[in-house]
Structures are given as structure tokens and as C-alpha cells.
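In order, the protein sequence lines correspond to chains A and B. Residue numbers for the first sequence follow our numbering, beginning at 1 and rising by one. Residue numbers for the second sequence follow our numbering, beginning at 1001 and rising by one. Ideal placement from N, C-alpha and C gives every residue a C-beta, glycine not left out. These figures come from a predicted structure and were not determined experimentally.
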Amino acid sequence: MNKPLIVFSLLAALLFSTCWVTPLTAQDETADKPVKEAAENAAEDAEGKEVLAALQGRMIKVLGGKEALEKFSNRVTTSTVKIIAQGMEAELVTFLDKNGSYRESMSLEGFGDFIQGISGDVTWALDPINGPRLVAGAEKVQLRRGARLHPALWLTKDYSSAKVIGEEKIKDQQCEIFDLVTTDGKTEKYWVSEKGLVCKMTMTADSQMGKIPMVITLESWKEIDGIQFPEIVRVKQALQMMEIHLGKIEHDVEDTAAMTAIPEKVQKLVDMEKSKKEKVLDPDSGASKGSEGQ
Amino acid sequence: MFFPEESQVRPYRLLCLLSALLICVSGCMGFPGRTPPMTKEVRQKYIESFDMMTKKIEDSFWDPELLESRWGGLKEECREKVLAAEGIDEARGAMRQLLSALKLSHFGLMSAAASEEFRRGHQPGEAGMILRASDDDQVIVVRVEPNGPADIAGIQPGDEILQAKDLELASRIKEWKIAGNRYLVVQALRSICSGKAGASRELLVLGESGERKVTIILEAADKDIPRVGVGNISPIPLRMEKKILEDNILYLRWNMFLGPSLVMPWIEESLSEHSEARGLVIDLRGNPGGIGIMACGISGWLIPEEGFQLGKMIMRDSELNFVVNPRMGGWVKPVALLIDEGSGSTSEIMAQGLRDAGRVRLFGRTTAGAALPSIIIELPSGDMLQYAISDYISASGHRMEGVGVQPDERIPVDSALIRKYGDPVLHRARNWLVGKPGGPDSPQR
């Protein structure tokens, strides 16, 4: 059983509990309401999954087909991030592979390299201002979900349902607006063209600094190695507008050791955390005795 | 978050960080510019600039009701003034009038000529001294750079500047103080000590041996001093000062929160190299701020535990926390932080945030009270607009804008104290770090 199924099982168990408990306190005339609600929810749930599966099918097809998406084992993308209004530019290099390894590095002149990555079980960030950090909680979940080599192939695993909530024209393209619910219950909005390309998205990014609303638009799709990529991605945050211009894409890069390794400063943190955990687990340590007492 | 196939990037966290990096919290606008004629094309550019300025501010201002109450009909009135302006200065004047009606820091307009000079690497001249106003409106020299123009001209810490260019200063200070803005006085006094390299300053100085006239020739900063900027902030000299004081106290001072690739490793190395020191003094006096998030990064070396934040930016539709990421092997011994009316923005964020965390004791005087996160953009006219994009409150809920950060121990600007102790604020901080009672010049602390 994979993780999303466990989540659905838990959800189902919760619904059962509600059905058992509520009648004890509810008035007679509403006694069957929770049962109806559960039935409606289950129907909606099934419909949401169908919509999601259909959307995934459309996306995979327009992006180049399943075979094309599964053809490569890794990808290195080089892009330029521009904040035109403020005269800023940075180089962005992203590595992704089939095994879930991920590393993204943004180089800013006068600042240094801002890096984040996933190396095995460790999700980490390292920058010249805040130093090394192990990413945890909702931020980690979101980062791992975002770090798929072929996200469209994961759509039905990373999201629990989809629902069409309206239509809108985005730059001459008629789009359906979807509400997509992630497996951890967050709703993201997608504007999807008739062909199946995503034109716009809105979501809230989980970051160490808090929740940050974002509006993302994707333009000028072009085919590289049989797969469609947007050449320009515009990201509007509460604060400002940024543009990501696609530079170069390389597939099946052979030497990936540097891309998958954990930086030394991060490794020190990992070792420290490990040592902390070992201390707690050590039956001879005071910490363990204290917790036994509780 | 799902970045749709194959949108090549999942950089939202990095973008958030980049965005935060560009939020500068310094108050440094208002440079003089030339006054070119107002042609039809130029007028059009200024109308576009006016409209862009008002739209940017209206779109981002965190309290629309406050904005409406401060601007009201003035916006249209100022637009009419721009339309009717006979010269560029007049157009800029109308724009500045609207900005100043907000009665907030970090709303300013820099002329295209001034920003162009900065972009070309124009190096302003400096006198090599810092002036501050005393409680009774005397202008006192509080710091003299060794071998700088002021030092060479024989100016000593504790001297009083009575006149600059035949202007009597005490009455001016009184006027500026009435305006209620501590930072205005700091900027005015800074303008006495800076200008075009090679320009002279005629000063009437009152020293221990009486009055004397002194001429100072302003000098450009040493070429070896690194220049740092960010985005639309043009490179300016970055000064980092480290010394070991009596009683084995480590002293660190940097003049701006810019140049993280230089400042951050320098701090890390300094703390590591002098880990045996008994205490640490961080001197943020005269530091007008810079990149806000650097306050978090530096605080990471001073706060060893997770879960602390310095404060938060409150925007119209979201909040951004200034979270501290603790560093391994950080500094755990006592920290004294020095502040004064020239400490603005990021300096205030760091000072108040570290005090909220119970990590520092503050010495000196109340800070500028100019602590709004802002960004700087170029307008169609070529002028640069700095505008605040959010409110800011510290972790304890303290709002510093217009109020500043109060020191735990106030040391006034006083000639006698400066002559006796050299730097009375530092002297008292050092005493506290090593557990010596008293100091400049209170009988008890």
C-alpha cells in the first residue's frame, strides 16, 4: 500500500468514527445527515479522483507522452532569474533525477550560492547568509513534492482530487480553472489550456519565513528532447515580480556525484542531529531515564 | 507545490529568499540632482513616473485606510502639479510632497542624475569624522578616523562644531529637532562631513583650548576599501572593523548591512578566531541598515537555539517572519550592542530582535525609528523610487517606525564624557561585559 492510500484509509476511518459518535448527540431529525454527508463526500471524492486522472492524462499527452517522460533518468536545467524592476539577475541550476535526488543552486553576484537539495532522506538548504539548515515539516513535504523529475507522472499520487471551478482566457488561450487538493490537504489553483498545458497557477509556498502566496504564469512552451518546457516562468509574490528564463536543458547527465552529495556544512548538521537522537535512545543516558519517568 | 511538467524549476524557497534579499531597510535617499529643462517628452515621463509611483504604493501599502487618510485629495493635487511643472525639480518636488505626506520612513525619490553618478562609480568625499547632536543642541565630534582629513586637521573627539560654512549649527539643530525626526538631524550632520571629493569644509571648532577655524578637504574613501551594492543600490564603501579591546573583549563594527559575501564570512571568522574572548561588542552606531535578512543571518551566530525570530513584516496579504537559523559553534558569551540615532532599519530590527530574545544589552541612544522594509525601483523618468512595502514589528510586538529602539543604558552625547573616556558608550559596554560597576558617568547601573 503506498502512502496516499494510507492517507485515504485514515480519512475513511475518521469518517466512520464521525458516523458512530454523532448520532449519540444529534437530534432525531438530523440523525441520518452525517451518513448522507459521508456518502456525498465519498461521491465527490471519487469524482475528484476521476477529474484528476483525466487531467493527468491530458498533461502527459501534451507534454510529450509517457514514453518521452520516462525516457530520461536525470535532468540539469540552467536558467536565469530576473527581477527587472530592481536590476537583479541570478543564475539558477537545477538537478533532478528519477530516484528523487534534487539540488538547486542560485548564484548571486556579491552574495554567493543559495542552495537547496534532497539527498536520500535529508532535505537541506544552505546559503551564505543563514548558513546550513535541515528542512522539516510542511516545507519539507512541499519541497519533496515539487522535486519530481516528471511531476505530471506523480499527479494522482501527490494530489488527492481535482475539481473544475470555472473558465478564463489567459493570453488568448481558453483555460479551465482547476482546484487541486494535495494529499496533505492544501488547495492549489491551475489554469489549464484546452491542449492541457498549464498557463497559470496560484498557491501558497511554505518557507522558513512563513506562508507566501504566489502567482505563477508559464509562457512560450517549446519542445526539447521530445518534452515540452516553458521558456518563461513569471512568479509574482506579494513583494515583487520575478522572471525565470530557460537557458539550457541536459538529459541523462553522467557525472552526477556533485549534484547528489550533501555539502560538508550540511553533513555536520546531519551528524549533530544523529548524535542527539542517539543520546536520547541510549538507555544509559540521563535523557532516556527522564523520559522513562514520564 | 507542483511545478507543472516540466517547468524546469522548483525554486520557490530560493525565490522567497531572493525576494527577501531585495528588501532593503535603509534610509538613504534624497541626493541633489541637476535641473534639466521640462520638454514635452520629459513631462510625459514624469506623469508616467507619478502614476507608476502611486500605483506601486497603492498596490503594496499594508494599511489602505491609513494611505487614504494621508493622501486623500492630495494625490490629484500633486499630479496636477507634475502636469503644470516648468522644470524637473518642480515635478520631483510634487512627487516628494506626496511621499512626505505619508509621514513614514523609506519613501523617497532619488534624481536620475544622482543615481547615474552612483552607477558610474562616483566616489563621494568624506571628512573622516562623525557628528552627533547633544541634548542641548551642541554638535559634537564623537568619532575621528585615524589619518582621515578631520584627524589631519587636528579635530579631536569631544570638539564642538559651532559653525559650518558660516551657518550657526545649534539653532539649526533645534529647528531640525522640532520636526521630530531624529534621523533628519543625523542626515544633516552627515552632509557636513561628506560631499564631492576635493571639496572643502570651513568649520568653526570649539576645542579644549578654545575656538579655532579649521578647513577640511573631503577625501574619497580608500580605493582598497571594497564597494558593495545590491540591485538598484549602487556600490558604496564597506567598512569592517575588528579589534580586541582591553579585558579581552572582541569588538566588531560594519557600516552597512550590505556585501554579505564579505560581511558574513568575516563575522564567522572573527567569532571563531577569538572564541576565547570574554565578551563581544557589536557596534551598530551610525549603521543605516541595508539587506534586512542579514540581521537574521548574523543573529544566527548569537542565538544557539531554534525557534527564535527577530520580528515580522506585515504585508497586505501575508506575513514574512525574520526567522533566526542557529549556527553551529556560535557565540554563547555576553553581547553588548551599541546603538545611536544613526542606527536605522536593519540595525533597529537586529537590536530590538536580539533584545526580545534576551540575548543582548543595548548601550547608547535611541535609534532612528526608521524601520520599514522597502524596495528600490527605477521609474520611467530614470529617477529611483524607494518605497516601503510592509509594516514591521519585533518579536515582542514592538513597532519601531517613528519610535526607535530604546537603549537599556542611555549614554548622552557629552563633550566632557568623550574627552574623559574617548568613547563613553563603548567604555560602559566594556565595563558591563566584564562585570565592572559604574561607568560613564553614572554612579550606579
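Proximal residues of chain B, C-beta to C-beta of residue i below 9 angstroms
{"i": "LEU269 (chain A)", "result": "MET1328"}
{"i": "MET272 (chain A)", "result": "MET1328"}
Where the beta strand (DSSP E) through residue i begins and ends
{"i": "LYS178 (chain A)", "result": "Residue 178 (chain A) is actually Phe in this sequence, not Lys. Per DSSP, PHE178 (chain A) belongs to the beta strand (DSSP E) from 173-182."}
{"i": "LYS169 (chain A)", "result": "159-170"}
{"i": "ILE1291 (chain B)", "result": "1289-1291"}
{"i": "ASP1166 (chain B)", "result": "Here ASP1166 (chain B) belongs to no beta strand (DSSP E), and DSSP marks it neither H nor E."}
{"i": "ASP1063 (chain B)", "result": "Segment: none, ASP1063 (chain B) is in no beta strand (DSSP E) and carries neither H nor E."}
{"i": "ALA205 (chain A)", "result": "198-207"}
{"i": "PRO132 (chain A)", "result": "131-134"}
{"i": "LEU1252 (chain B)", "result": "1249-1254"}
{"i": "ILE224 (chain A)", "result": "210-224"}
{"i": "ASP1283 (chain B)", "result": "1279-1283"}
{"i": "ASP1391 (chain B)", "result": "1391-1394"}
Three-state secondary structure (DSSP) of residue i
{"i": "GLU264 (chain A)", "result": "helix"}
{"i": "ILE1216 (chain B)", "result": "strand"}
{"i": "GLY1301 (chain B)", "result": "A small fix is needed here, since residue 1301 (chain B) is Trp in this sequence, not Gly. It is coil, neither helix nor strand."}
{"i": "LEU1385 (chain B)", "result": "strand"}
{"i": "GLN56 (chain A)", "result": "helix"}
{"i": "GLU278 (chain A)", "result": "helix"}
{"i": "PRO1004 (chain B)", "result": "Residue placement at PRO1004 (chain B) is flagged as unreliable, the pLDDT there being 45, under the threshold of 50; the coordinate-derived value follows with that caveat. Three-state DSSP puts PRO1004 (chain B) in coil, outside helix and strand."}
{"i": "GLN1044 (chain B)", "result": "helix"}
{"i": "ALA1336 (chain B)", "result": "strand"}
{"i": "GLU1086 (chain B)", "result": "coil"}
{"i": "ASP97 (chain A)", "result": "strand"}
{"i": "THR25 (chain A)", "result": "Bear in mind that a pLDDT of 30 at THR25 (chain A), under 50, signals an unreliable position, so the number given afterwards is only what the model happens to contain. Helix, per DSSP."}
{"i": "LEU153 (chain A)", "result": "helix"}
{"i": "GLN1406 (chain B)", "result": "coil"}
{"i": "SER119 (chain A)", "result": "strand"}
{"i": "PRO1235 (chain B)", "result": "strand"}
{"i": "ARG234 (chain A)", "result": "strand"}
{"i": "ASP1151 (chain B)", "result": "helix"}
{"i": "MET1049 (chain B)", "result": "Strictly speaking, residue 1049 (chain B) in this sequence is Ser, with Met absent from that position. Helix, per DSSP."}
{"i": "ILE1411 (chain B)", "result": "coil"}
{"i": "GLY110 (chain A)", "result": "coil"}
{"i": "MET1038 (chain B)", "result": "coil"}
Partners in chain B for residue i, counting only beta-carbon separations shorter than 8 angstroms
{"i": "PRO318 (chain A)", "result": "Outside the shown range of chain A, which is 1 to 294, sits residue 318 (chain A), and nothing can be said about it."}
{"i": "ARG133 (chain A)", "result": "ASN1325"}
N-terminal and C-terminal residue of the alpha helix (DSSP H) that residue i is part of
{"i": "ASP1137 (chain B)", "result": "Taken as a continuous stretch (DSSP letters only), ASP1137 (chain B) belongs to no alpha helix (DSSP H), as it is neither H nor E."}
{"i": "PRO959 (chain B)", "result": "In the structure displayed, chain B extends from 1001 to 1445; residue 959 (chain B) sits before or after that span and is not available."}
{"i": "VAL141 (chain A)", "result": "137-146"}
{"i": "HIS1427 (chain B)", "result": "1424-1433"}
{"i": "VAL994 (chain B)", "result": "Nothing in the structure corresponds to residue 994 (chain B), since chain B is present only between 1001 and 1445."}
{"i": "ILE1349 (chain B)", "result": "1346-1356"}
{"i": "SER1415 (chain B)", "result": "1415-1421"}
{"i": "LEU69 (chain A)", "result": "66-71"}
Neighbouring residues, chain A, relative to residue i (Cβ below 9 angstroms)
{"i": "ASN1287 (chain B)", "result": "Within 9 angstroms Cβ-Cβ: nothing; ASN1287 (chain B) doesn't reach chain A, min ~17 angstroms."}
{"i": "GLY1297 (chain B)", "result": "ASP127, PRO128, ILE129, ASN130, GLY131"}
Under 7 angstroms from the C-beta of residue i: neighbouring residues of chain A
{"i": "GLU1264 (chain B)", "result": "For the record, residue 1264 (chain B) in the displayed sequence is Met; it is not Glu. By Cβ distance, chain A contributes PRO128, ILE129."}
{"i": "SER1345 (chain B)", "result": "Residues of chain A passing the Cβ test: none, with the nearest at roughly 16 angstroms."}
{"i": "ILE1376 (chain B)", "result": "GLN86"}
{"i": "GLY1300 (chain B)", "result": "ASN130, GLY131"}
{"i": "ASN1321 (chain B)", "result": "MET209, GLY210"}
Partner residues on chain A for residue i, Cβ-Cβ distance less than 8 angstroms
{"i": "LEU1467 (chain B)", "result": "It is not possible to answer for residue 1467 (chain B), since the shown part of chain B is limited to 1001 through 1445."}
{"i": "MET983 (chain B)", "result": "The question about residue 983 (chain B) has no answer here: the residues shown for chain B are numbered 1001 through 1445."}
{"i": "SER1261 (chain B)", "result": "GLY110, PHE111, GLY112, PRO128"}
Residue-chain proximity (residue i, chain E), Cβ-Cβ < 8 angstroms
{"i": "LEU1372 (chain B)", "result": "Among the protein chains of the structure shown, namely A and B, there is no chain E."}
Exercise. Taking three-plus beta-carbon pairs below 8 angstroms as touching, is the region 1318-1330 of chain B in contact with the region 156-170 of chain A?
Worked result: no
Exercise. Between the region 1216-1246 of chain B and chain A, which residues of the former have a C-beta closer than 8 angstroms to a C-beta of the latter?
Worked result: VAL1228, GLY1229, VAL1230, GLY1231, ASN1232
Exercise. For the region 1154-1161 of chain B against the region 1189-1208 of chain B, are there 3 or more C-beta pairs whose distance is under 8 angstroms?
Worked result: yes
Exercise. Any contact of the region 65-83 of chain A with the region 239-251 of chain A, i.e. 3+ C-beta pairs under 8 angstroms?
Worked result: Touching, yes, given that three or more Cβ pairs across the two stretches are closer than 8 angstroms.
Problem set entry | Selection of the region 188-213 of chain A by Cβ proximity to chain B, strictly under 9 angstroms | Answer set for the region 188-213 of chain A: GLU188, TYR190, VAL192, LEU197, VAL198, MET201, MET203, THR204, ALA205, ASP206, SER207, GLN208, MET209, GLY210, LYS211, ILE212, PRO213.
Exercise. Which of the residues in the region 55-86 of chain A, read from start to end, lie with their CB under 7 angstroms from any CB of chain B?
Worked result: MET59, LEU63, THR77, SER79, VAL81, ILE83, ALA85, GLN86
For this session: Evaluate the contact criterion for the region 1389-1398 of chain B versus the region 1125-1136 of chain B: three or more CB pairs, one atom per stretch, below 8 angstroms.
Result: Contact between the region 1389-1398 of chain B and the region 1125-1136 of chain B is absent: fewer than 3 CB-CB pairs across the two stretches fall below 8 angstroms.
For this session: Pair every Cβ in the region 201-216 of chain A with every Cβ in the region 158-169 of chain A, then say whether three or more of these pairs are closer than 8 angstroms.
Result: By the criterion of at least three beta-carbon pairs nearer than 8 angstroms, the region 201-216 of chain A is not in contact with the region 158-169 of chain A.
Exercise. Counting Cβ pairs, one atom from each stretch, are 3 or more of them under 8 angstroms apart for the region 1079-1094 of chain B and the region 1041-1050 of chain B?
Worked result: yes
For this session: Would you check if there are 3 or more beta carbon pairs closer than 8 angstroms linking the region 1366-1376 of chain B to the region 1340-1349 of chain B?
Result: Yes: at least three Cβ pairs fall under 8 angstroms.
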